[in-house]
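Residue numbers for the sequence shown follow the working numbering, beginning at 76 and rising by one.
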Amino acid sequence: MGDLGEGLSHYQKQGFCSFHTPGHKGRQEFFNGSDFLGFDLTELPGLDMLHSPSGIIAKALKKAAEIFGAEETFFLINGGTVGNQAMLLALEDTADKRVVVERSCHRSVMSGLVLSGLKPDYVMPIVHPDFNLPLGFNLEKQEILWQEVSACHVTYPSYYGTAFDLSELLSERTCLGFNTPVLVDQAHGSHYLSPLFPPSALKLGADLVLNSCHKTLSALTQSAMLHVQGARVSRTRLRQSLELLQSSSPSYLLLASLERAGEFALDLWRWDCLKEAVEDLHRKVDMCFRILSPKDVGAYGIHAVDWSKILINTYPLGVPAPLCVEYLREGFGIEPELWDEENILFMLGIGNTPEDVRWLTKGLESLIHFAPSMSFIKSKNRQEMARGLIPPLPYPHLSPREAFLAHKRQIPLKESLGHIVGETISPYPPGIPVVVMGEKMTHEVLSMLLAAVEERWQGWDSFESQTIWIVEED
Ligand SMILES: Cc1ncc(COP(=O)(O)O)c(C=O)c1O
């Protein structure tokens, strides 16, 4: 085996308890009957074609549309990423128009702007003061210029499981009499199929809805779905966009896993059992951390909270989040989805069991017990510690596409203040850009990048040499 295979094998042998994607959590039960090698096939007689389905794929798509409540569903084999790109590329009537985009969206939306040439009209998030994270936005304070935009693209829920009031946005569009499409990145909410969770964007009336089914459902990594209803977005253009962006040799393993994920998504009892265990976790450790919970609804633009994302702020405990993560990984084999300087996100998927959540509860209780011997942040200035915070957002000087196509050169990062940045840089996960290509480098972004110590950045060509691409200005 080569290095990659050895690395995977070594990781797997450690047997971590997964609180990260994929949602199947390595449980065989979701794949019983699947023959991994035998099913790795291509468009052979009787196996249909993803880009022009009329046989078994068409039937699976129809069934998925019924399960998720769409008029039509497309299977995606390049993740939610290609869904965001295709949604923007499919828009018509875009000349001289912009598209409403949340500035705290995933970087794949920015790549959709590069591909489509659309200019963003940013909706700014509210940074929650307890978590230093963009968890919602206030619709009343954001004017959406419906007549001037080709579409409104929103993220529902956020990576951290908070949802803004999407129904208010949709009813504003209807009340004002506009026909502007509302495109929803529901990558983290594929499991919103019951009253246990916030309502799905399809149910609320969105036009296009993206589900990254590998994140919380049982589909294999990289498989996702794009759902459509109504006629505000041309289905032909959507099909053409997907055909343009997706592989001509789609993996049948991914496609078959999407079909199965839809079937398992209806096993609501799995989520029911997890909910009880999560409530118990809150009861046992709430007092020592700041944990996001349904009590947070109604403040800082949060309209609903998905309990299956356990977001824990470790500041009240007095221990930096990375140290807590180290303790939980080494002592309990617990692997979270992501963390920054003071928050840890534990993400549940349909493959988690109540035992997993009870194990996490035990790990957190033990952490609380040992915290006094570990703690060293109480005396420190919090601002100094919290490098995961979102800097004030820079002003865009060029659209992402203009910046992508422009002449660029690399300069030392420390000399980049005031220059137009030529890269879209984000910590990964969550993939929310700190700076988008076309924006001017500000003091805040620069000091955040200069303080970056770990190599968990995406889109930054030369983290090691501390240089950055900037756009040449005449
Ligand atoms: C909000 C959001 N949208 C889209 C994506 C892209 O999805 P995928 O990883 O399936 O390509 C992500 C990935 O993390 C995401 O967080």
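Even for Gly, the Cβ is constructed at its ideal location relative to N, Cα and C.
Since the structure is predicted, the reported quantities are computational estimates derived from the model, not experimental observations.
**Counterpart residues of residue 544 in DSSP-defined beta bridges** = Here residue 544 refers to the residue found at position 469 when the sequence shown is read from its first residue. Residue 544 is bridged by DSSP to 485.
**Asked** Around the Cβ of residue 183, are there at least 16 other Cβ atoms within 10 angstroms (buried) or fewer (exposed)?
**Response** To locate residue 183, count along the sequence shown from 1; it is residue 108. The residue is buried, with at least 16 neighbouring Cβ atoms inside 10 Å.
**Request:** Determine the DSSP secondary structure at residue 209, reduced to helix, strand or coil.
**Result:** Here the question's residue 209 lines up with position 134 in the sequence shown. It is a strand residue.
**Request:** Please say whether residue 98 and residue 290 have beta carbons closer to each other than 8 Å?
**Result:** Counting from 1 along the sequence shown, the entry for residue 290 is found at position 215. Counting from 1 along the sequence shown, the entry for residue 98 is found at position 23. Their beta carbons are under 8 Å apart, which means residue 290 touches residue 98 by this criterion.
**Message:** Could you tell me the alpha carbon to alpha carbon distance between residue 436 and residue 179, rounded to whole angstroms?
**Reply:** To locate residue 436, count along the sequence shown from 1; it is residue 361. To locate residue 179, count along the sequence shown from 1; it is residue 104. In a straight line, the C-alpha of residue 436 is about 30 Å away from that of residue 179.
**Asked** How should residue 341 be labelled, buried or exposed, when 16 other C-beta atoms within 10 angstroms of its C-beta is the threshold for buried?
**Response** If you number the sequence shown from 1, residue 341 lands on position 266. Exposed.
**Close-in-space but distant-in-sequence residues of the same chain around residue 530 (CB under 7 Å, 5 per side omitted)** = One-based indexing of the sequence shown puts residue 530 at position 455. Excluding its 5 nearest sequence neighbours in each direction, residue 530 has C-beta neighbours in its own chain below 7 Å: 538, listed in chain order.
**Prompt:** Are at least three pairs of beta-carbons, each pair with one atom in the segment 367-376 and one in the segment 396-405, less than 8 Å apart?
**Reply:** no
**Alpha carbon of residue 387 to alpha carbon of residue 443, nearest angstrom** = Position 312 of the sequence shown, counting from 1, holds the residue named residue 387. Position 368 of the sequence shown, counting from 1, holds the residue named residue 443. Going from the Cα of residue 387 to the Cα of residue 443 covers about 13 Å.
**Item:** Outcome for residue 488 when other beta-carbon atoms lying within 10 angstroms are tallied against a minimum of 16
**Value:** Within the sequence shown, the letter at position 413 stands for residue 488. With 16 or more other Cβ atoms within 10 Å, it is buried.
**Asked** Around the C-beta of residue 203, are 16 or more other C-beta atoms found within 10 angstroms, so that it is buried, or is it exposed?
**Response** Here residue 203 refers to the residue found at position 128 when the sequence shown is read from its first residue. Counting the other Cβ atoms within 10 Å of the Cβ of residue 203 gives 16 or more, which makes it buried.
**Prompt:** If you count every other CB in all the chains shown that lies within 10 Å of the CB of residue 196, and 16 or more means buried, which is it?
**Reply:** Indexing the sequence shown from 1 puts residue 196 at position 121. The residue in question, residue 196, is buried, as its Cβ has 16 or more Cβ neighbours within 10 Å.
**Asked** Cβ of residue 289 versus every heavy atom of ligand 1: is any distance shorter than 7 Å?
**Response** Taking the first residue of the sequence shown as 1, we reach residue 289 at position 214. It does: the Cβ of residue 289 is within 7 Å (strictly closer) of some heavy atom of ligand 1.
**Message:** As a quick exercise: from 514, 150, 480, pick the residue whose alpha carbon is nearest that of residue 494.
**Reply:** For the purposes of this step, residue 494 is taken as residue 419 along the sequence shown, with counting starting at 1. Measuring from the Cα of residue 494, the nearest candidate turns out to be 514.
**Asked** Going by the C-beta, is residue 154 closer than 7 Å to any heavy atom of ligand 1?
**Response** For the purposes of this step, residue 154 is identified with residue 79 of the sequence shown, where counting begins at 1. Residue 154: yes, Cβ under 7 Å from ligand 1.
**Message:** Restricting to runs no shorter than 4 residues, where is the alpha helix (DSSP H) found entirely within the segment 216-262?
**Reply:** 241-250
**Message:** Could you check if residue 506 belongs to the surroundings of ligand 1, using beta carbon to heavy atom distance under 7 Å?
**Reply:** Taking the first residue of the sequence shown as 1, we reach residue 506 at position 431. Indeed, a heavy atom of ligand 1 lies less than 7 Å from the Cβ.
**Asked** Does at least one heavy atom of ligand 1 sit under 7 Å from the Cβ of residue 302?
**Response** As a working note, residue 302 is residue 227 in the sequence shown. Checking every heavy atom of ligand 1 against the Cβ of residue 302, none is found closer than 7 Å.
**Request:** Examine ligand 1 and report whether any of its heavy atoms sits within less than 7 Å of the Cβ of residue 375.
**Result:** To locate residue 375, count along the sequence shown from 1; it is residue 300. No, the beta carbon of residue 375 sits no closer than 7 Å to any heavy atom of ligand 1.
**Request:** Below 8 Å on the Cβ atoms is my guess for residue 283 versus residue 301; work out the distance and round it to an integer in Å.
**Result:** Walking along the sequence shown from the start, residue 283 turns up at place 208. Walking along the sequence shown from the start, residue 301 turns up at place 226. The beta-carbon distance between residue 283 and residue 301, rounded to whole angstroms, is 7 Å. This is short enough to meet the 8 Å contact definition.
**Asked** Going by Cα to Cα distance, which pick from 480, 476, 311 is closest to residue 167?
**Response** The sequence position of residue 167 within the sequence shown is 92, counting from 1. Ranking 480, 476, 311 by Cα distance to residue 167 puts 311 first.
**Request:** Check whether the Cβ atoms of residue 162 and residue 285 sit closer than 8 Å, and answer yes or no.
**Result:** Position 87 of the sequence shown, counted from the start, is the residue given in the question as residue 162. Position 210 of the sequence shown, counted from the start, is the residue given in the question as residue 285. Taking 8 Å as the Cβ cut-off, residue 162 and residue 285 qualify as a contacting pair.
**Request:** Consider the C-beta atom of residue 234 and the heavy atoms of ligand 1; say whether any pair is separated by less than 7 Å.
**Result:** Here residue 234 corresponds to residue number 159 of the sequence shown, with the count starting at 1. At least one heavy atom of ligand 1 is nearer than 7 Å to the Cβ of residue 234, so yes.
**Prompt:** Do you know offhand how far residue 454's Cα is from residue 396's?
**Reply:** Locating residue 454 in the sequence shown gives position 379, counting from the first residue. Locating residue 396 in the sequence shown gives position 321, counting from the first residue. In this prediction, residue 454 has a pLDDT of 46, which is less than 50 and means its spatial position is unreliable; nothing more can be read from the coordinates.
**Prompt:** With DSSP run on the structure shown, which of helix, strand or coil describes residue 365?
**Reply:** Here the question's residue 365 lines up with position 290 in the sequence shown. It is a strand residue.
**Prompt:** Does at least one heavy atom of ligand 1 sit under 7 Å from the Cβ of residue 95?
**Reply:** In the sequence shown, residue 95 corresponds to position 20, counting from 1. No, the beta carbon of residue 95 sits no closer than 7 Å to any heavy atom of ligand 1.
**Request:** Out of 231, 236, 317, state which residue places its alpha-carbon closest to the alpha-carbon of residue 277.
**Result:** Residue 277 sits at position 202 when you count from the first residue of the sequence shown. Out of 231, 236, 317, 231 has the C-alpha closest to the C-alpha of residue 277.
**Item:** Which listed residue (390, 410, 509) has its alpha carbon closest to that of residue 205
**Value:** If you number the sequence shown from 1, residue 205 lands on position 130. Checking every option, the nearest Cα to that of residue 205 belongs to 390.
**Asked** Cβ-heavy atom distance between residue 436 and ligand 1 below 7 Å?
**Response** The count along the sequence shown starts at 1 and reaches residue 436 at position 361. Checking the 7 Å criterion, the Cβ of residue 436 is out of range of every heavy atom belonging to ligand 1.
**Request:** Report all residues from its chain with a CB closer than 7 Å to the CB of residue 242; omit the five preceding and five following residues, and keep chain order.
**Result:** Indexing the sequence shown from 1 puts residue 242 at position 167. Closer than 7 Å at Cβ, skipping near neighbours: 279.
**Asked** Which stretch, first to last residue, makes up the beta strand (DSSP E) that contains residue 203?
**Response** The residue labelled residue 203 in the question sits at position 128 within the sequence shown. Unbroken beta strand (DSSP E) run through residue 203: 201-203.
**Message:** If I follow the unbroken beta strand (DSSP E) through residue 421, where does it start and stop?
**Reply:** Within the sequence shown, residue 421 is the residue found at index 346, counting from 1. Per DSSP, residue 421 belongs to the beta strand (DSSP E) from 418-422.
**Asked** Cβ of residue 356 less than 8 Å from any chain B Cβ?
**Response** Annotation note: the requested chain B is absent from the structure, which comprises a single protein chain.
**Asked** What are the boundary residues of the beta strand (DSSP E) that residue 283 is part of?
**Response** On the sequence shown, position 208 is the one that residue 283 refers to. That run of the beta strand (DSSP E) goes 283-286.
**Prompt:** Can the beta-carbon of residue 221 be found less than 8 Å from the beta-carbon of residue 255?
**Reply:** For the purposes of this step, residue 221 is taken as residue 146 along the sequence shown, with counting starting at 1. For the purposes of this step, residue 255 is taken as residue 180 along the sequence shown, with counting starting at 1. Cβ atoms of residue 221 and residue 255: closer than 8 Å.
**Request:** Going by CA-CA distance only, name the one from 131, 481, 546, 383 that's closest to residue 516.
**Result:** Numbered from 1 along the sequence shown, position 441 holds the residue referred to as residue 516. When the alpha-carbon of residue 516 is set against those of 131, 481, 546, 383, the nearest one is in 546.
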